[in-house]
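When the letters of the sequence shown are read in order and numbered with the numbering used here, they come out as residues 1430 to 1748. Glycine is no exception: its CB is placed at the ideal position from the N, C-alpha and C atoms. All values derive from a computational prediction rather than experimental measurement. Notes follow the structure.
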Amino acid sequence: MNTVMGVDVGGTKILIGIVRPDGTITHECRYPSQRGAQDAAIAAVKRAVAAYWAEMVETKVVPKPDAIGLGLVGQVDHRRAVWLFSIATPILEPCPLGQELMQQYQIPVIADNDVHCATLAEIQFGAGRRFRDFVYLNVGTGIAAGLVSDGRLIRGHQNNAGEVGHIVANIDVPCKCGRTGCIETYASGGGMIRHARALMEQYPDSVLARLDREGRMVSSTIVQAAHEGDVLAIRVADLMMKAQLSMVQDIINFMDPQAIICGGGVFRDSWLLQGIIDGLTGWLPPNNLALLDNITVSQLDPQKIGLIGAALSAYQASV
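Here it is as structure tokens:
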């Protein structure tokens, strides 16, 4: 297998490109995704693949791929390429998306969870090459992790290992998963936005109200407002930091990693990474202080890591 079409399905876009075995991406294209309903979400993926096939493959701009690798949010049966469930998209009924694409294009189609895909990319091409036991922690719209032990991704019985965003803290906040107090509800990028909106009436003079009206309230602008002294932003950012630190401590306790590699849009601001390191400094036992030097932000392009990983899932399935 020399050529794989990677398909990274995100909340706002679908990124498709040809990925070589060395991780090189050629001729990538972006297409709109849909999150309103299951039928619309699946149709958007199929339209994007069809458009890329027509624009790039049939015109011989790129060679016909040997396989397609899909990176999908939520629960994925990677053995049967079935999209099982996703709260965010939403996917509420299992969809044999991989099988349908395979029938249409007559090449193998492999599907996997998007954070698992990114973790595969870290193992093969990123900072994970330096470590045998590490956690890839992704904090973006949601929170999830890829768990790596002895150089291998831990998938769990149903390929659903690593949903650390649903670790429960001692806070009574309802989560879409059905529990209360899940860290993702207030410590992810999306959670910070929802938390700020829930408190906004108490802080009518907060700059976040204006940013929200203008469509510019995201995790980075909330953090910036906190740095500038906005009281609501400080409250949201402080809770987010405490929750993140608590989650990382739990991850360390049950995984004992050699390294933690951080990815996702929220880690673009060094404030979060430094806060986690500072919080761990007084907590880690002396024999584990070396971990502090191995907590780092992924050096792979955050816009491309999912695409590379989706293709890697197909390459590895062929071995």
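| Asked | Found |
| --- | --- |
| State yes or no: is the C-beta of GLY1693 within less than 8 Å of the C-beta of ASN1589? | no |
| Within 10 angstroms of its Cβ, does SER1699 collect 16 or more other Cβ (buried), or is it exposed? | exposed |
| Three Cβ pairs or more, each shorter than 8 Å: is that satisfied between the segment 1702-1721 and the segment 1665-1679? | yes |
| Could you give the C-beta distance for LEU1499 and LEU1526, rounded to a whole number, given that I count them as a contact under 8 Å? | 7 Å |
| By Cβ distance, which residues of its chain are closer than 8 Å to PHE1683, with the 5 residues on each side in sequence left out? | none |
| With DSSP as the reference, label ASP1722 as helix, strand or coil. | helix |
| May I have the straight-line CA-CA distance separating ASP1468 from TRP1482, to the nearest angstrom? | 21 Å |
| Report all residues from its chain with a CB closer than 6 Å to the CB of SER1648; omit the five preceding and five following residues, and keep chain order. | GLY1618, MET1621, VAL1695 |
| Which whole-angstrom value describes the C-beta separation of VAL1602 and VAL1502, a residue pair presumed to lie in contact below a C-beta threshold of 8 Å? | Contact flag wrong, Cβ pair sits at about 21 Å. |
| For the 8 Å Cβ check, are there 3 or more pairs between the segment 1708-1715 and the segment 1726-1741? | no |
| Should GLY1692 be listed as close to the ligand NAD, given that the test is whether its C-beta is under 7 Å from any heavy atom? | In terms of ligand content, the structure shown is empty, and the ligand NAD therefore cannot be addressed. |
| Indicate the three-state DSSP secondary structure (helix, strand or coil) for ALA1483 in the structure shown. | helix |
| In the structure shown, what three-state DSSP assignment does ILE1447 receive? | strand |
| Contact check, TYR1565 vs THR1548 under 8 Å by CB: the rounded distance? | 4 Å |
| Excluding the five sequence neighbours on either side, which residues of its own chain have a C-beta within less than 7 Å of the C-beta of LEU1640, listed in chain order? | MET1646, THR1650 |
| Return the first residue and the last residue of the beta strand (DSSP E) that LYS1496 is part of. | This sequence places Ala at residue 1496; Lys is not what is there. 1496-1501 is the extent of the beta strand (DSSP E) around ALA1496. |
| Thinking ARG1584 and HIS1595 are a contact (beta carbons under 8 Å), I'd like their distance in whole angstroms, please. | 17 Å between Cβ atoms; not a contact. |
| In terms of residue numbering, what span does the beta strand (DSSP E) encompassing THR1455 cover? | 1454-1461 |
| By how many angstroms is the C-alpha of ASP1506 removed from the C-alpha of ALA1574? | 17 Å |
| Out of curiosity, what's the CA-to-CA distance linking ILE1724 and ILE1612? | 20 Å |
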